[in-house]
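Protein chains in written order, with our numbering: chain A, 687 to 1264; chain B, -19 to 334.
Each residue gets a CB set at the ideal place from its N, CA and C atoms; glycine is no exception.
In this text, all values refer to a predicted model and were calculated from it rather than measured experimentally.
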Amino acid sequence: MVIFVAPRNSIHLEEKYLKRKYDPILPKKAEWPVVKLARERKEFVIKVSKESENRVLGLTGNDPEILKEELETTLYREKLRIKKNPWAVDPDDEADFWGDVKKDLLTLSTGPKLSDKRKFKEYNKILYRITNRYAEEIASNFKTTYYKFTRSVVTYGFSRLLNAARVKGFRSVFSNQYTLQDKIQITGETDQLRDLATKGTIVMVPTHFSNLDSILIGWIISVLGLPPFIYGAGLNLFNISIFAYFMNALGAYKVDRRKKNLLYLETLKTYSKEAIQFGCHSLFFPGGTRSRSGNIEKKLKLGLLSTAIEAQRANYQEGKLDVAGKVFVVPVTINYHFVLEAPSLIRDYLSITGQERYYKENDEFSTSYKISKFLVKFFTKGSDISVSIGKAMDVLGNFVDEDGNSIDKNGRVINTQDYFISEGKISEDSQREEEYTNRLGVRIVEEFHRINKVFSSHLVAFTAFELIKKKNAKLDLFDLIRLPEEEIHIPYEEFKEACQMVLDQIWTLKEQDQINTAPHMSLPMDELIEDGLQNVGMYHAKRPLIKDAAGDLVTEDMSLLYFYHNRLTGYGLDKLFR
Amino acid sequence: MDSTSSSDKTQKPIGVVGVGSFGAAIAIMLAEKGDVLVYARNQEIVEEINSSQTLSGKAIPANIKATTSPEEVCKNCDLLFFMISSSGFQEVTRTFAPFLFPYHVIIHGTKGLCLNLPEGKTLDQMERMKRSQILTMSELIMEETVVVRVGCLAGPNLSKELRQGQPAATVVASKYNEVILEGQRLLRSEKFQVYGNSDIVGVELSGVLKNIIAIAAGALAGLGLGENAKGLLISRGMVEMIHLGNELGGSIKSVMGLAGVGDLVATCNSSNSRNYTVGYRLAKGEKLKDIIADMEEVAEGINTVRIIKAFLESTDLRAPITENLYKVLFEDLPISDALQFLMKYPFSVDVDFV
């Protein structure tokens, strides 16, 4: 293997980043909520199945006819899915199971006439069989040994690669000069997170740009000394053996996006809600899937987020009014120069939003080989990652103090349970909770923007794209992206001036606590641009932004430039170019 | 501190903040369903209610009590009706904020806008305004207090007619069904119909924007024009309200409902309305500052015209009635010229919003 050693810029070493060692908050693994859950997996699956059954019954108003219709719809969709969209992870007995459901439904509607009560009971039985199957399928297979092994592989393997890349010379593979923590910087409210994780239940909500994020976050959770978090991972990831292993090790439960039927969605939500109530810290990627456009998530998918609110309310209903029953929402942003999947993500985005038919490329994460290749690239080239941990909030988006008390805008302590009180009692109101979920989503997006860290590569990509847009003011986005690359050319001085203008505005925003910056942003402008250009989309075959022989700026791929530019949209910076 | 001190008594009194004409009418309607505790800043009014059970000399139901203490209202009531003029809204909300908790529900009945400007700026200095700098009253409540379950009342509800017990209807709007249901339960009676709407911002905006058209309606009457002109104005005014409301975040449907068209028709025919009077007197040749000088309270529409004008500067939207009214009010454009302009304006399509 030939390892290219990128020239290391001394600037990264100047950064005032303290590498800290965090002791585990729960040294005994038996105390980890996820271990306890794994021990009680069987009972837990039954509990989830029963509650999901009740929820579906509630939603169908206990009406046998509506229930029957819902069962038939589910059956129809599942048969269609099995036929049209089978995956490697699908269990072998799927066709048989649904065949049996079909038979039983048929017997009920054509067979001997039963009393309404009896009929309802029979439908109910089928319903339970389905929710039980779903709950079994969703439930995670966490194993402590897997976890330990994975963690050491990740830490050991990654740091070997890292040292090979950064310390020149023979035997560098065995050097310990660099550790993963040099590469991935964790900043923000780490102490508060650790502290609150011992008091209540954490729901962590990170931005999502790359499939690597889940592994990255898993590693960060472990570095911070936190017990593993559970999270819903797309079932498609379990198609790939290397990912399946990681996912199981990280306490992932499975989310199958192909199944959109009521029964499945209710079971999934119940699983998440019950796990939070069980005390398992959870991880939601609230953007749903990875950000296609490279934007920080503007509008969140709220499905699973609503389960945090439900769990909080249910805890209050069960009389858990103290901090032990409290759910804390912690936004996290992951900032990097480079997103491996950028080319296919942005093409997806453009083909969804635009008229242009882009042909679909292969997913870079489609095979274990490609992932391994990426990991080698990733750790052998100097491109740092920073992870910002935001302030913890209650499920209504109020910040909390060190004891987990919610604090309102005027610094007053308020009780979160008050939000669920109606006529003096804590009550369940799904419409109310839907609104609360929307509010929480808005608050998370606000926090994402606030804690997001600007990197040099974001600055150069944003500035270059906006300059090109300004020069072609008459073109819409799609025409702009189809501009022939050889026609695009930005003189260096003009570019530098524009970068300064954007940066000045970023400083202003930072003063207002609207955005954050990486330490390297205080470099002199020429060096900053140099750093940005070196890093922006550095592993792509076609680079989004480079200097030509004359020192002016050119692009090899407009849509990639657009993707990296998007990281700074949503701050009103584009108005500078009007 | 125990903020969940909401006691277990099933029937807590309903709070009514402000006993102007509309506030009094609502308090009397609420008293049919249960006890009412009203808040007034004026000590004499409170004493009059508590000692002689009258308000401005007119008898009111015995289960209405009064206080000057915001704390007392917040402690005793879970549901509060804010019935305050828009000019005093922010101040009153701030005095209540320290005593309000997330279990409180507030329904307001104020048709106006409030500004959320950078420190030290006033409306005069703002050439253009972004949506985020304009607050509807529900947005103001959520900005200033921890209450999230907020609703509003809007519709053709002339206080005088309500107190006479004439049949009428209102809209209770809120994002929360529980707020709508509670509002309906408390206000609905044989003579009062209550509709629900989940688009609270759209409903609030309808009540606000119709004030602009009401000034124009007064002006037409002042010019001595007839019913054809009024029909024209109401219809074009509704289109303008729809476009403005939509741009400000309300839905088209709300403008078409009781709070929009319903209130617009009522106000454009009501010579009692302050907004209508402003337009009428302008058309008769009086100057704006003289009209304002001898009105007890500023007509809300004047303020709304200025805010919407500044908002229009930050959008690509055209709103010919508002823009011309602005010129009449603040740039001395003669009303007849404004009318001329509107008659020549290329409104080529009758309905372009559905």
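Asked, Found
"Any idea if E162/B is buried or exposed, counting beta-carbon neighbours within 10 angstroms, 16 or more meaning buried?", "buried"
"What did DSSP end up calling C132/B once you bin it into helix, strand or coil?", "strand"
"Output needed for P1017/A: all residues of its chain with C-beta closer than 7 Å, excluding positions within five of it in sequence on either side, in chain order.", "V891, G1076, I1130, E1133, F1134, I1137"
"Would you tell me roughly how many angstroms separate the C-alpha atoms of A46/B and T34/B, rounded to the nearest one?", "11 Å"
"With 8 Å set as the bound, which would you pick, yes or no: does the beta-carbon of I1100/A sit closer than that to a beta-carbon of chain B?", "yes"
"Hey, is R1107/A's beta-carbon within less than 8 Å of any beta-carbon in chain B?", "Looking at the sequence provided, one finds Ile at residue 1107/A rather than Arg. Yes, because at least one Cβ of chain B sits closer than 8 Å to the Cβ of I1107/A."
"Have a look at D1199/A and R819/A and give me their C-alpha separation to the nearest angstrom.", "48 Å"
"Is the shortest distance between the beta-carbon of Y175/B and the beta-carbons of chain A less than 8 Å?", "no"
"Can you give the Cα-Cα distance for R1098/A and Q878/A, rounded to whole angstroms?", "19 Å"
"Am I right that V53/B and L17/B are in contact with their C-beta atoms under 8 Å? What's the rounded C-beta distance?", "6 Å"
"Quick check on DSSP: helix, strand or coil for N30/B?", "helix"
"Taking only beta carbons into account, state which residues of the region 174 to 200 of chain B come closer than 7 Å to chain A, listed in chain order.", "none"
"Any chance you could list the alpha helix (DSSP H) runs of at least 4 consecutive residues sitting entirely within the region 283 to 333 of chain B, in chain order?", "300 to 310, 315 to 324"
"With H, G and I counted as helix, E and B as strand and the rest as coil, what does DSSP make of Y833/A?", "helix"
"Helix, strand or coil: which one does DSSP assign to Y1250/A?", "helix"
"Looking at the unbroken beta strand (DSSP E) that takes in N1021/A, where does it start and where does it end?", "1013 to 1022"
"If the cut is a Cβ gap below 7 Å, which residues of chain B does R1271/A touch?", "As displayed, chain A neither begins before 687 nor continues past 1264, which places residue 1271/A out of reach and without an answer."
"With 8 Å set as the bound, which would you pick, yes or no: does the beta-carbon of I(-6)/B sit closer than that to a beta-carbon of chain A?", "no"
"Report yes or no: is there a C-beta of chain A within less than 8 Å of the C-beta of F79/B?", "no"
"Here's a check: name, in chain order, each residue in its chain whose Cβ is nearer than 6 Å to the Cβ of F806/A, leaving out the five neighbours to either side.", "P750"
"Quick check on R1125/A - is its C-beta less than 8 Å from some C-beta in chain D?", "In the structure shown, chain D cannot be found, because the protein chains are A and B."
"Within 8 Å of any Cβ in chain B, is that where the Cβ of E996/A sits?", "no"
"Would you say the region 1093 to 1108 of chain A touches the region 1215 to 1234 of chain A, given that touching needs at least three Cβ pairs under 8 Å?", "no"
"If you run the structure through DSSP and keep just helix, strand and coil, what is Y83/B?", "coil"
"Along the alpha helix (DSSP H) that carries V734/A, what are the first and last residues, could you check?", "727 to 745"
"Tell me, please, whether the CB atom of E1132/A is closer than 8 Å to any CB atom in chain B?", "no"
"Which chain B residues are close to D1115/A, counting only those with a beta carbon under 7 Å from its beta carbon?", "E158"
"Anything in chain A within Cβ reach of V128/B, meaning under 9 Å, just list it in chain order.", "L1082, Y1105, E1121, Y1122, R1125"
"Where do the N-terminal and C-terminal ends of the beta strand (DSSP E) with F172/B fall, by residue?", "172 to 177"
"Quick one: residues in its chain with C-beta nearer than 8 Å to the C-beta of S169/B, no 5 flanking neighbours on either side, listed in chain order?", "M9, E12"
"So for G(-5)/B, helix, strand or coil by DSSP?", "strand"
"Put R706/A into one of helix, strand or coil per three-state DSSP.", "coil"
"In the DSSP assignment, the beta strand (DSSP E) including K45/B goes from what residue to what residue?", "44 to 47"
"So P82/B contacts chain A; which residues on that side make the cut at Cβ distance below 7 Å?", "I1100, D1104, Y1105"
"Hey, is D1094/A's beta-carbon within less than 8 Å of any beta-carbon in chain B?", "yes"
"Check for me: the alpha helix (DSSP H) holding S1279/A runs from which residue to which?", "Only positions 687 to 1264 of chain A appear in the structure, and residue 1279/A is not among them; the question remains open."
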